[in-house]
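Trainee: Submitted below is the structure of interest, expressed as structure tokens.
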Amino acid sequence: MPTWRKMEDLLSMEDLASMEDLASKDIWELLSSKLEKLSHGSQEQSSNGMSFGGNLDVPSWNSPQPRTKELMEILNETFDTVSDKLDLYALGALPQDQADEFLTYAAVLARLRAARKHPVLNAAFFDDWSAEEFGDILNAGADVNECDEDGESVLKKAVDARNIEKVKLLLNHKNLKIDPVDSQLWTPLHDACQLGPVEMVELLCDVGHANIEARNDEGFTPLQVAAFHGKADIIRSLLARKSNAAAIGKDNITALHRAIFNNHPEAVDALIRGGADCNFRGLRGLMPLHAAAEAADPSVVRMLLNAGADVNSRRDDDITPLGVAVYRGSEPIVLMLLQRGATGCSMALFNRALSESPDVALLLLNAHHDVGLPEKLGGDESASEVSPLLMRALGAFEGDANRDEEMALALTTALLRRGAQCETPSPATGATPLHVAAARGWARITKLLLEQPNISVDGYGGNLGVTPLWLAASSGNIEVIQGLLHAGAKVDAPSVKHGSTPLMQAAWAGEGQAAKVLVASGASCRQKNLAELNAIEIAAKAGQDSLSAFLAQVAAKEGAKRKNEEQATSVSGAWLEMEALAEKELPDSSGTRNPGWLKKLMLEGRRKAISVKVGPDEPLQEAYKEQELPSLFD
Numbered sequence: 007m008p009t010w011r012k013m014e015d016l017l018s019m020e021d022l023a024s025m026e027d028l029a030s031k032d033i034w035e036l037l038s039s040k041l042e043k044l045s046h047g048s049q050e051q052s053s054n055g056m057s058f059g060g061n062l063d064v065p066s067w068n069s070p071q072p073r074t075k076e077l078m079e080i081l082n083e084t085f086d087t088v089s090d091k092l093d094l095y096a097l098g099a100l101p102q103d104q105a106d107e108f109l110t111y112a113a114v115l116a117r118l119r120a121a122r123k124h125p126v127l128n129a130a131f132f133d134d135w136s137a138e139e140f141g142d143i144l145n146a147g148a149d150v151n152e153c154d155e156d157g158e159s160v161l162k163k164a165v166d167a168r169n170i171e172k173v174k175l176l177l178n179h180k181n182l183k184i185d186p187v188d189s190q191l192w193t194p195l196h197d198a199c200q201l202g203p204v205e206m207v208e209l210l211c212d213v214g215h216a217n218i219e220a221r222n223d224e225g226f227t228p229l230q231v232a233a234f235h236g237k238a239d240i241i242r243s244l245l246a247r248k249s250n251a252a253a254i255g256k257d258n259i260t261a262l263h264r265a266i267f268n269n270h271p272e273a274v275d276a277l278i279r280g281g282a283d284c285n286f287r288g289l290r291g292l293m294p295l296h297a298a299a300e301a302a303d304p305s306v307v308r309m310l311l312n313a314g315a316d317v318n319s320r321r322d323d324d325i326t327p328l329g330v331a332v333y334r335g336s337e338p339i340v341l342m343l344l345q346r347g348a349t350g351c352s353m354a355l356f357n358r359a360l361s362e363s364p365d366v367a368l369l370l371l372n373a374h375h376d377v378g379l380p381e382k383l384g385g386d387e388s389a390s391e392v393s394p395l396l397m398r399a400l401g402a403f404e405g406d407a408n409r410d411e412e413m414a415l416a417l418t419t420a421l422l423r424r425g426a427q428c429e430t431p432s433p434a435t436g437a438t439p440l441h442v443a444a445a446r447g448w449a450r451i452t453k454l455l456l457e458q459p460n461i462s463v464d465g466y467g468g469n470l471g472v473t474p475l476w477l478a479a480s481s482g483n484i485e486v487i488q489g490l491l492h493a494g495a496k497v498d499a500p501s502v503k504h505g506s507t508p509l510m511q512a513a514w515a516g517e518g519q520a521a522k523v524l525v526a527s528g529a530s531c532r533q534k535n536l537a538e539l540n541a542i543e544i545a546a547k548a549g550q551d552s553l554s555a556f557l558a559q560v561a562a563k564e565g566a567k568r569k570n571e572e573q574a575t576s577v578s579g580a581w582l583e584m585e586a587l588a589e590k591e592l593p594d595s596s597g598t599r600n601p602g603w604l605k606k607l608m609l610e611g612r613r614k615a616i617s618v619k620v621g622p623d624e625p626l627q628e629a630y631k632e633q634e635l636p637s638l639f640d
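What follows is the structure, given as structure tokens:
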């Protein structure tokens, strides 16, 4: 009998000698003895100060090193269970080299035991025996139909080893059983259809006359096994030998279903060309096209449609292939099905597409035929199966897929065309589509919504109770702000929660250009929120120094218009008002400003504005004269 030289080279003469006791001793006793010796040796070396790499790389049964893991897999394949006689913790504590030594010893023992028990089975499976040596064993009278405890026969072992020469030797024996089954009712032909090569399958069929329709414990025929594993060449070979493509397993589905579900397009093509039924109703009415839509492979869907699959077939739960594709969010498959006239999309599925697959939702809206949606989408949007459609189209809800303005505009346009309600708010916050568009700075969508009849330009919504203009000021989109103001939005409408105006929000966000537009439209710099702060103070608190100065300047001009001081023109009156504001210490949340920062800025502005030297404490009316206020805003 050949030896396992590569493994035995790693073992000592003492180890090899102990293996001679295999016939008289329990294998687990030998393994336990070996492990005990290795553990004892490891402890002695450790106590002598010898290092094994700090045990950082010590293998364990949960996280073994690559070589250790490989040897453990050999043990697991060989032994059904690992005896509790073996101290796994001791093994895990061994340094890498000693763990490898133990597992090598165990693997050799296991194979020796198997070889003693079933020599012909081992000779059929392992490459350690050549075909010639295997033939000698057969000629010496070995039982060609011997099976192990799992019912695996000599022929199955040779097939599993993909050794065609050994299989040929077995087929020459007239007493050979060609279709023995193992514990799971697999025949050698089943194995060959899983593992290949195709020559092995043809050898078993043509020379051995194997049963081409044998069924394993799941009801799989060899053809179904080949389809499951995507063996297109084997499928073609079996179909050429009249294998039944319509055969079903215990789950009531065919080989075609299995190839589709396991993403084997070449196998699908082989089955279709071999005459497989593309409209076979499987488990719960599942048809191949449903399976393809679920697997989301456009090439397979195209094959099935070209082969005559019913585009509007329905499962027992009334779901069509289009419904499956919409649920999966597969744009190319949805498009392909729609081009073939597919229907069967419910409002619940459409709402899901709006949320997760906006490109799919747009395809459904723009379809040239009835896809199953109501002609008018402006009905009861409070129904439990849908959410407000335009809000969902804008991606306003948590979990909605990201979308750009282009996609959101296309969806909004299509939905409005079909009657969607633009004033239907979010059930949670009360925000409307106009709030969402304004907050995101989507000018074209804002314009489209403002063109709708009965639109509420000053509607309150959101957690803070704000208007669309307030949100637009926060995002700083000038085009949106101007569009809302042109539509009549109230420039100083305060928020419900804090009483802050759009100008205050622009000041807090540092949106200077937005603040300018709002001020030009009449926004008040002096109006206070519920915390008694105005826009000037809010800008200062937010660290927006130049914006705060600009707003103070605007407030000064407002004050000058209300005054009629002696010796003061309207311009110098504005300067005086500005000086008065500068005397007030504005909030400084950052803690980085020096006291009187605004007054210092004013004095610098004075020097630039006047043409005569004036001391900082001299009257300002004469000095300022008709000089315009300089811009204090960057």
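My numbering puts the sequence shown at residues 7 to 640. All C-beta atoms in this analysis are idealised placements derived from N, C-alpha and C, irrespective of residue type, glycine included.
Is the segment 283–297 touching the segment 257–267, taking contact as three or more C-beta pairs under 8 Å?
Mentor: yes
Trainee: Buried or exposed for Asp197, going by 16 or more other Cβ atoms inside 10 Å?
Mentor: For Asp197, the number of other beta carbons within 10 angstroms of its own is at least 16, and it is reported as buried.
Trainee: Which ranges would you report for the alpha helix (DSSP H) in the segment 284–342 if only whole runs of at least 4 residues count?
Mentor: 294–301, 304–312, 327–334
Trainee: Measure the C-alpha to C-alpha separation of Ala146 and His235 and round it to an integer number of angstroms.
Mentor: 38 Å
Trainee: For Leu144, collect the residues of the same chain with a Cβ closer than 8 Å to its Cβ; drop the 5 residues on either side in sequence, then sort them by chain order.
Mentor: Val126, Val150, Leu175, Leu176, His179
Trainee: Within the continuous alpha helix (DSSP H) that includes Gln488, where are the two ends?
Mentor: 484–492
Trainee: Does DSSP classify Gly467 as helix, strand or coil?
Mentor: Strand.
Trainee: Classify Gly494: buried if its beta carbon has 16 or more other beta carbons within 10 angstroms, exposed otherwise.
Mentor: exposed
Trainee: Note the first and the last residue of the continuous alpha helix (DSSP H) segment covering Arg446.
Mentor: 439–446
Trainee: Taking only the alpha-carbon atoms, compute the straight-line gap between Ala331 and Ala299 and give it to the nearest angstrom.
Mentor: 5 Å
Trainee: Measuring alpha carbon to alpha carbon, tell me which residue in Gly335, Leu115, Pro101 is nearest Ser39.
Mentor: Closest option to Ser39, Cα to Cα, is Leu115.
Trainee: Name the DSSP bridge partner or partners of Thr260?
Mentor: Ile254
Trainee: How big is the Cα-Cα spacing for Met353 and Val377?
Mentor: 10 Å
Trainee: Counting C-beta neighbours from all protein chains within 10 Å, is the total for Ser317 16 or more, i.e. buried, or is it exposed?
Mentor: According to the sequence provided, residue 317 is Val. The question's Ser does not apply to it. Classification of Val317: buried, given that the 10 Å Cβ count is 16 or more.
Trainee: How about Leu195 and Leu210: are their beta carbons less than 8 Å apart?
Mentor: Yes; because the gap between Cβ atoms is below 8 Å, this pair is in contact.
Trainee: Secondary structure at Val502, three-state DSSP: helix, strand or coil?
Mentor: coil
Trainee: For Leu369 and Glu337, what's the separation of their Cα atoms in angstroms?
Mentor: 8 Å
Trainee: Where Gly314 and Pro228 are concerned, what is the direct C-alpha to C-alpha distance, given to the nearest angstrom?
Mentor: Between Gly314 and Pro228, the C-alpha separation is close to 26 Å.
Trainee: Indicate whether Trp448 and Glu411 have their beta-carbon atoms separated by less than 8 Å.
Mentor: Contact flag set, yes.
Trainee: Between the beta-carbon of Ala526 and the beta-carbon of Ala513, is there less than 8 Å?
Mentor: no
Trainee: So is Pro459 buried or exposed if we call it buried at 16+ other beta carbons inside 10 Å?
Mentor: exposed
Trainee: Provide the residue(s) that pair with Ser159 in DSSP beta bridges, ordered along the chain.
Mentor: Cys153
Trainee: DSSP state of Val523, grouped into three classes?
Mentor: helix
Trainee: Kindly indicate the opening and closing residues of the alpha helix (DSSP H) around Phe226.
Mentor: Careful: Phe226 lies outside any alpha helix (DSSP H) and carries neither H nor E.
Trainee: DSSP three-state call for Val472: helix, strand or coil?
Mentor: strand
Trainee: Taking the C-alpha atoms as reference points, what is the distance between Ala348 and Glu205?
Mentor: Between the alpha carbons of Ala348 and Glu205 lies a distance of about 43 Å.
Trainee: What are the boundary residues of the alpha helix (DSSP H) that Asn128 is part of?
Mentor: 125–131
Trainee: Nearest by alpha-carbon distance to Thr507: which of His492, Glu485, Gly489, Tyr466 is it?
Mentor: Tyr466
Trainee: Going by DSSP, what residue range makes up the alpha helix (DSSP H) through Gly141?
Mentor: 137–145
Trainee: Spatial neighbours of Thr435 within its chain, please: C-beta separation below 7 Å, excluding the five flanking residues on both sides.
Mentor: Gly467, Gly468, Asn469
Trainee: Which same chain residues end up closer than 6 Å to Leu360 when comparing Cβ atoms and leaving out the 5 residues on each side of it in sequence?
Mentor: Ala367, Arg398, Ala399
Trainee: Using CA coordinates, which residue listed in Ser462, Thr418, Gln427 is at the minimum distance from Leu454?
Mentor: Thr418
Trainee: Between the Cα of Leu396 and those of His441, Leu379, Lys237, Glu381, spot the shortest distance and give me the residue it belongs to.
Mentor: His441
Trainee: So, Ile415 versus Arg450, is the Cβ gap smaller than 8 Å?
Mentor: A small correction: the amino acid at residue 415 is Leu; Ile does not occupy that position in the sequence shown. Taking 8 Å as the Cβ cut-off, Leu415 and Arg450 qualify as a contacting pair.
Trainee: Only counting the same chain, and skipping five residues up and downstream in sequence, which positions put a Cβ closer than 8 Å to that of Ala251?
Mentor: Excluding sequence positions up to five before and after Ala251, its CB lies within less than 8 Å of the CB of Leu229, Leu245, Thr260, Ala261, Leu262, Leu277, Gly280, Gly281, Ala282, Asp283, all in the same chain and listed in chain order.
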